[in-house]
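Down below is the structure, laid out as structure tokens.
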Amino acid sequence: MSENKQDKAEKKDYYFGGIQEFSLEEIESEVLNESVYLDVFAGSDPSFKENVAAFNDGLDLVSKLNVYEYDYKVNDYPEYNFSSDHQIGLMANELEGVIPSMVVTNSEGKKLVDYSKLTPVLAKAVQQLSKTVEEQQKVIDDLKKKLM
């Protein structure tokens, strides 16, 4: 087998379920048109970014968020295609006071949450909690040694 054919034979074709690329404008348009649940891959390579700074407020921000259980008013807002399943989530108006960049307002003045932006905040909060637990475990271990 020639080298070129062998390379092609070794390459695997991957199917990602019909993933499409969207420009930021297209995504914002869909979000602001209050409709679509999009799986979005964000450009995260460092070469795409500037003004990079460490984020340290995860736990503080998360502690300010109220989490609710609710049902959408599916019949009152059919144009939004809301799920009829019971939900767990945040209230956009409250979130806007804590993390404004996670909330958009559509043309009707309704507020929508961009939950994808919450992921890094939650990751930082978990890291902060983990560090606290590790520090507390060291204190506990030291106290146990003193008692023995």
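Going by this note's numbering, the sequence shown opens with residue 37, and the numbers climb by one from there.
Note that beta-carbon positions come from the ideal geometry of N, C-alpha and C, so glycine has one too.
Asked	Found
Three-state secondary structure assigned by DSSP to Gly-125	strand
Minimum C-alpha distance to Gly-125 - residue among Glu-62, Ser-152, Asp-112	Ser-152
Extent of the continuous alpha helix (DSSP H) to which Val-157 belongs	154–183
Helix, strand or coil at Leu-101 according to DSSP, with G and I counted as helix	coil
Proximity test, Cβ basis, 8 Å: Val-134 and chain D	Judged by its chain identifiers, the structure shown contains no chain D, having just a single protein chain.
Rounded straight-line distance, which links the Cα of Val-103 to that of Val-157	15 Å
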